[in-house]
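There are 2 protein chains.
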Amino acid sequence: MARVEIGQHLGMSPASVSDLAASLLDEGVLVTEETADQSSGLIRGRPKVRLFFADTLGSVIGVWTGFNRIELRLVDSAGRNRASRHMERPLRNLEAGELMDVLAGTISAFAQETGAPNVKAVGLACQGYVDTRDGIVAWSPVLGARDLPLASGLSQRLGKPVLIENDASAMAFAIAQRDPVLRSGRTACLMVGDGVGLGFLIEGELYRGARFGGSEFGHVRLRRSGPQCRCGGRGCIEAYLADYALHRDAQLIDHRPAPTVLIPSESAMTPIVEQARAGDATLMKLFHEAGEVLGDAASILIQTLEPDHIVICGPGTRAMDLLRPSFEAALESQTIPELKALATIRVVESSMDLLTEGVVMQALRELDFDLARLKAA
Amino acid sequence: MARVEIGQHLGMSPASVSDLAASLLDEGVLVTEETADQSSGLIRGRPKVRLFFADTLGSVIGVWTGFNRIELRLVDSAGRNRASRHMERPLRNLEAGELMDVLAGTISAFAQETGAPNVKAVGLACQGYVDTRDGIVAWSPVLGARDLPLASGLSQRLGKPVLIENDASAMAFAIAQRDPVLRSGRTACLMVGDGVGLGFLIEGELYRGARFGGSEFGHVRLRRSGPQCRCGGRGCIEAYLADYALHRDAQLIDHRPAPTVLIPSESAMTPIVEQARAGDATLMKLFHEAGEVLGDAASILIQTLEPDHIVICGPGTRAMDLLRPSFEAALESQTIPELKALATIRVVESSMDLLTEGVVMQALRELDFDLARLKAA
DNA sequence: TTCTTTAATTCGAATGACGAATAAATAGGC
DNA sequence: GCCTATTTATTCGTCATTCGAATTAAAGAA
Chain C
689 MARVEIGQHL GMSPASVSDL AASLLDEGVL VTEETADQSS GLIRGRPKVR LFFADTLGSV
749 IGVWTGFNRI ELRLVDSAGR NRASRHMERP LRNLEAGELM DVLAGTISAF AQETGAPNVK
809 AVGLACQGYV DTRDGIVAWS PVLGARDLPL ASGLSQRLGK PVLIENDASA MAFAIAQRDP
869 VLRSGRTACL MVGDGVGLGF LIEGELYRGA RFGGSEFGHV RLRRSGPQCR CGGRGCIEAY
929 LADYALHRDA QLIDHRPAPT VLIPSESAMT PIVEQARAGD ATLMKLFHEA GEVLGDAASI
989 LIQTLEPDHI VICGPGTRAM DLLRPSFEAA LESQTIPELK ALATIRVVES SMDLLTEGVV
1049 MQALRELDFD LARLKAA
Chain P
689 MARVEIGQHL GMSPASVSDL AASLLDEGVL VTEETADQSS GLIRGRPKVR LFFADTLGSV
749 IGVWTGFNRI ELRLVDSAGR NRASRHMERP LRNLEAGELM DVLAGTISAF AQETGAPNVK
809 AVGLACQGYV DTRDGIVAWS PVLGARDLPL ASGLSQRLGK PVLIENDASA MAFAIAQRDP
869 VLRSGRTACL MVGDGVGLGF LIEGELYRGA RFGGSEFGHV RLRRSGPQCR CGGRGCIEAY
929 LADYALHRDA QLIDHRPAPT VLIPSESAMT PIVEQARAGD ATLMKLFHEA GEVLGDAASI
989 LIQTLEPDHI VICGPGTRAM DLLRPSFEAA LESQTIPELK ALATIRVVES SMDLLTEGVV
1049 MQALRELDFD LARLKAA
């Protein structure tokens, strides 16, 4: 952004912005645009000089841990993506110490192989109840550990600050960073995939509950009886919508033996979706029910949070065409029209590496705060 | 509060507080404590001099409109209650203009009779979807009008600024003003009475949705089928918990004719509660179901908002002893223990005049803001 | 070349907050 | 009754921020 724009954005006079920018340029935190001008030619007057963060201030690594997959990403201080990688690696059944050793090893190997310059911080996102402030994973289906001090554990092993975050929150943050509209007002972001998570943003800032961030919204029980959920209950949102639930129920319908795959991969889901699209009645019914539950879930969100935007994202959107009719119908019938009219609903087909982008941005922010604190001291 | 305390509270130095206080004392906005000292005697050192808002800066009238009742309250600028009154007056079936005439008439008569000194503003709370910012009641079961520009209408008639607010929000605000604990963190306040409303506070500030404030949480549908709700649907929270629902179902159980009382008064509810307490099995079942629904509602709130505090308030708490067993059981069985442990749940037996206090405080706040703006100009 | 337009900088002034020193008002001890 | 300790409040000089106004810079238009 150019100095004038920053001023308008922050409600400050150009004089003040100029002042501050000058000192940050001196310190090397900011750099000015080199490329003379690309779009001007129509605009009269002195051209804007855009300011960027320098790309020499270090870098940040973002990590996402899924059930049997780790995604890694390296971003420099200018916000540019330098490298990314994913690998298959089941993390369950590891003892707490082992788990942190494996993660730390994977991260530092990635840093070494990509020649990561001056890694300043690491951000990690995973499913479950993540206490970002204290750096503790209270519970996660992925890591299979309780009250795990993951941030301090990794921080010790890597010698760098580590920020941990709920994955739906990280995803919501990343999606909102890409679209200014979603950064204004309240945005509820439902992530459907291995589970069902909720990331909630108020004016672009992540909503934090009493302790955790994004909620495991999937465990809200919408039906008094219903399919079995991982949490032990029945009729949870997740028990209809999550990949594992759809996969399991598809198997059961075919009268095949009980499923052996606890966490279906993308390739295991594809045939189910395609058979349903081809017209398989029993599978269609599964997706119909799932869509209905998704509609009920959105309805609850609307009537509780009254958001400006609802975003449906995550791998589960692959079958949105199958979910949509019953989703719309349920949403319509359950929601007071006055409220429904206020919320725009959009589907964002977001891959999991958007998520690592999200944690990186969160971690960058933390660094900024530290920088501010350092300057104050 | 004394100057030192204000400083600690605001994180400012005593010097700055002293400065600002001096100018406000000059302007007559603040006054110092007259009564020499009441509690000291044990504390050494120069005694604190407490500062109060002057009571000569005008007053504010708070109004609550229920189904067949209007509550009024006059508060001076020092926050002291000067007068309050309530009157029976059904407001339904009035045309928009008439309605505002009646309300304006009632309010100015109250002001005149109580000799209200220099009324600066009026705050009004009612059930329904209230757009505080634009001063429009989008829908209210009480006023029976749609998209009513109530604030501007009353403001014109009274010649004063008028603030309107959802009643559950006003109640939540008032309750939190009385208890500092509820002003820290996130507080979800369920008001059970004529309907079921939700006021949500984040760090003591009312949460605002896309347009309205407190949500008509009662219309979240928890059961796919169930008793009839005023909104036309079935199985809404309200259809189990609200006074009208309990009253209606109690009548139906007794095989009496369809209820003629749409909005039961307190005296109509008392015998129902007492018969249930006495052991009437069918009535007990009604309260049992209502408690269960209340538990489910609290569970949804916990898993969506992750609040630090849940407050159950409103006239419906009169039967809390009957609701509690099934409430606790439902809450327990539906909620992830990690989340439930974070929220304290309390029942506040709050009368409706607490509510008028709430709107008054809201309106006072608006005035303060205006004062700040005036001083800036 | 000169004028217009927009961006950025410089400089002086105003504001607000703070630290340090000081004054004020009390209780306790002798 | 006097002195000391203790806590509260004020005064004053200093410092950092921010802004308005004027100025300089860099382009296109005439």
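Line by line, the protein sequences give chains C and P.
Per the working numbering, the very first residue in the first sequence carries number 689; after that it's consecutive.
Per the working numbering, the very first residue in the second sequence carries number 689; after that it's consecutive.
Glycine included, every Cβ here is placed at the ideal spot set by N, Cα and C.
Assigned exposure category for residue i - 16 Cβ within 10 Å defines buried
i, result
"C/Asn806", "exposed"
"P/Asp707", "exposed"
"P/Thr820", "buried"
"P/His997", "buried"
"P/Gln815", "buried"
"P/Ala864", "buried"
"P/Gln1103", "Since the first residue shown for chain P is 689 and the last is 1065, residue 1103 of chain P is missing from the structure and cannot be characterised."
"C/Pro778", "exposed"
"C/Val818", "buried"
"C/Met689", "exposed"
"P/Gly1004", "buried"
Per DSSP, cross-strand counterpart(s) of residue i
i, result
"P/Met879", "P/Gly885, P/Cys1001"
"P/Leu760", "P/Val751, P/Arg773"
"P/Tyr817", "P/Trp827"
"P/Arg1034", "P/Val999"
"P/Ala809", "P/Val748"
"C/Ala1086", "What the structure shows of chain C is the stretch from 689 to 1065, and residue 1086 of chain C is not part of that stretch, so it cannot be assessed."
"C/Asn854", "C/Cys814"
"C/Arg909", "C/Cys924"
Any C-beta of chain P under 7 Å from that of residue i
i, result
"C/His907", "yes"
"C/Gln939", "no"
"C/Gln991", "yes"
"C/Tyr817", "yes"
"C/Glu994", "yes"
"C/Ser903", "yes"
7 Å Cβ cutoff, residue i in contact with chain C
i, result
"P/Ile998", "no"
"P/Gly699", "no"
"P/Ala898", "yes"
"P/Ser1014", "no"
"P/Ser747", "no"
"P/Ile694", "no"
"P/Ile988", "yes"
"P/Pro702", "no"
"P/Leu1062", "Because P/Leu1062 carries a pLDDT of 45, less than 50, the predicted location of this residue cannot be relied on, and no value is offered for it."
Residue i versus the options, residue with shortest Cα-Cα distance
i, options, result
"P/Arg834", "P/Leu782, P/Thr1023, P/Glu759, P/Gly897", "P/Leu782"
"P/Gly811", "P/Arg912, P/Val717, P/Val850", "P/Val850"
"P/Ala1007", "P/Glu1020, P/Asp1041, P/Glu977, P/Gln1022", "P/Glu977"
"P/Glu891", "P/Gly785, P/Leu739, P/Arg871", "P/Arg871"
"C/Gly902", "P/Leu993, P/Ala927, P/Glu1016", "P/Leu993"
"C/Met957", "C/Gly881, C/Glu1026, C/Ala876, C/Pro915", "C/Gly881"
"C/Leu1019", "P/Arg909, P/Ala964, P/Gly920", "P/Arg909"
"P/Pro952", "P/Leu842, P/Tyr932, P/Val869", "P/Tyr932"
"P/Arg874", "P/Gly887, P/Asp743, P/Leu762", "P/Gly887"
"P/Gly1002", "P/Asp855, P/Gly716, P/Phe798, P/Glu722", "P/Asp855"
"C/Ser765", "C/Gly803, C/Trp752, C/Met972, C/Val717", "C/Val717"
"C/Gly803", "C/Ile824, C/Ile1033, C/Val763, C/Ala703", "C/Val763"
"C/Phe740", "C/Ile749, C/Glu759, C/Leu713, C/Ser828", "C/Leu713"
"C/Leu760", "C/Glu715, C/Gly883, C/Leu1043", "C/Leu1043"
"P/Leu1011", "P/Glu1026, P/Ala784, P/Lys973, P/Gly920", "P/Lys973"
"C/Pro1013", "C/Gly979, C/Pro995, C/Glu1026", "C/Gly979"
"P/Gly885", "P/Leu982, P/Ala792, P/Asp937", "P/Leu982"
Given a limit of 7 Å on CB to CB distance, which residues of the region 1021–1053 of chain C reach chain P? Closer than 7 Å at the C-beta level to chain P, one finds these residues of the region 1021–1053 of chain C: Gln1022, Ile1024, Glu1026, Leu1030, Ala1031.
Q | Members of the region 825–845 of chain P that neighbour chain C once the beta carbon cut-off is set at 7 Å | A | Of all residues in the region 825–845 of chain P, the ones placed with a Cβ closer than 7 Å to any Cβ belonging to chain C are Ala826, Trp827, in chain order.
| Using a beta-carbon distance cut-off of less than 9 Å, what residues from the region 848–869 of chain C approach chain P? | Residues: none.
Worksheet item: Between the region 914–927 of chain P and chain C, which residues of the former have CB atoms less than 8 Å from a CB of the latter, in chain order?
Response: From the region 914–927 of chain P, only Cys919, Gly921 have a Cβ closer than 8 Å to chain C.
- [ ] Report the residues of the region 869–887 of chain C with a CB closer than 8 Å to any CB of chain P, ordered along the chain.
- [x] Residues of the region 869–887 of chain C with a Cβ closer than 8 Å to any Cβ of chain P, in chain order: Gly873, Arg874, Leu886.
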